[in-house]
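Undergrad:
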Amino acid sequence: MKIMHVSEKTNIDAAVIAAIISRESHAGTILEDGWGDHGNGFGLMQVDKRYHKVVGTWESEEHINQGALILCSMIEEIKKKFPSWTNEQQLKGGISAYNAGPKNVQSYERMDIGTTKNDYANDVVARAKFYKTNGY
1 MKIMHVSEKT NIDAAVIAAI ISRESHAGTI LEDGWGDHGN GFGLMQVDKR
51 YHKVVGTWES EEHINQGALI LCSMIEEIKK KFPSWTNEQQ LKGGISAYNA
101 GPKNVQSYER MDIGTTKNDY ANDVVARAKF YKTNGY
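Every letter in the sequence shown is one number past the one before it in full-length UniProt numbering, and letter 13, counting from 1, is 13.
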């Protein structure tokens, strides 16, 4: 499976990748020809064309890998910004940054302020817990 393969390559939990796909594109069901977010977000993981050169087709492993690598870079930014946070907190901060950028993450308690619907990281973590319990 594409998600599992990308998880192995990037060391991002498959449940987290699935959760981002669920939140971003409802597993592709809300996309038009692979595009969402008023034509700015591409693919299952809604890679924003304004900030990244999109790769692969909208549901390809190449695309999922790109999204996971973007998440990895966001986690690294959060680790630098908040070295005293636990790994779990840094992951959640990286998830928030995936949506709104690392500058948006100002504190652990308020990291979702400024994300889509002000609940992005909390929602993705809840979805990841669901996926972890149900097969990923």
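Here a beta-carbon is modelled for each residue, glycine too, at the ideal position from N, C-alpha and C.
In angstroms with no decimal places, state the Cα-to-Cα distance between E77 and N134.
TA: On the sequence shown, position 77 is the one that residue 77 refers to. On the sequence shown, position 134 is the one that residue 134 refers to. Approximately 30 Å between the Cα atoms of the pair.
Undergrad: Taking the alpha carbon of G114 as the reference point, which residue from L69, I95 and K9 has its own alpha carbon closest?
TA: Your numbering for residue 114 matches position 114 in the sequence shown. Of the listed residues, the one whose Cα sits closest to G114 is I95.
Undergrad: Tell me which same chain residues have a C-beta within less than 7 Å of the C-beta of I64, skipping the five on either side of it?
TA: Residue 64 sits at position 64 when you count from the first residue of the sequence shown. Within the same chain, I64 has close Cβ partners K2, I3, V6, I17, L44 and M45.
Undergrad: Where do the ends of the alpha helix (DSSP H) carrying S73 lie?
TA: Position 73 of the sequence shown, counted from the first residue, corresponds to residue 73. First-last of the alpha helix (DSSP H) with S73: E61 to K81.
Undergrad: How about Y120 and A14: do their beta carbons lie closer than 7 Å?
TA: As a working note, residue 120 is residue 120 in the sequence shown. As a working note, residue 14 is residue 14 in the sequence shown. Cβ distance not < 7 Å, so Y120 and A14 don't count as in contact.
Undergrad: Where does G94 fall in DSSP's three states?
TA: Numbered from its first residue, the sequence shown carries residue 94 at position 94. Correct three-state label for G94: helix.
Undergrad: Unbroken alpha helix (DSSP H) runs of length 4 or more, entirely within the segment 112 to 136: which are they?
TA: Taking only runs of at least 4 residues, the alpha helix (DSSP H) segments lying wholly in the segment 112 to 136 are 120 to 133.
Undergrad: For Y51, count the other beta carbons within 10 Å of its own beta carbon; 16 or more makes it buried, fewer makes it exposed. Which is it?
TA: Taking the sequence shown and counting its residues from 1, one reaches residue 51 at position 51. Looking at its Cβ environment, which holds fewer than 16 other Cβ atoms inside 10 Å, Y51 is exposed.
Undergrad: Roughly how many angstroms separate the alpha carbons of Q66 and V55, rounded to a whole number?
TA: Translated into positions along the sequence shown, residue 66 becomes position 66. Translated into positions along the sequence shown, residue 55 becomes position 55. Taking the straight line joining both Cα atoms gives about 7 Å.
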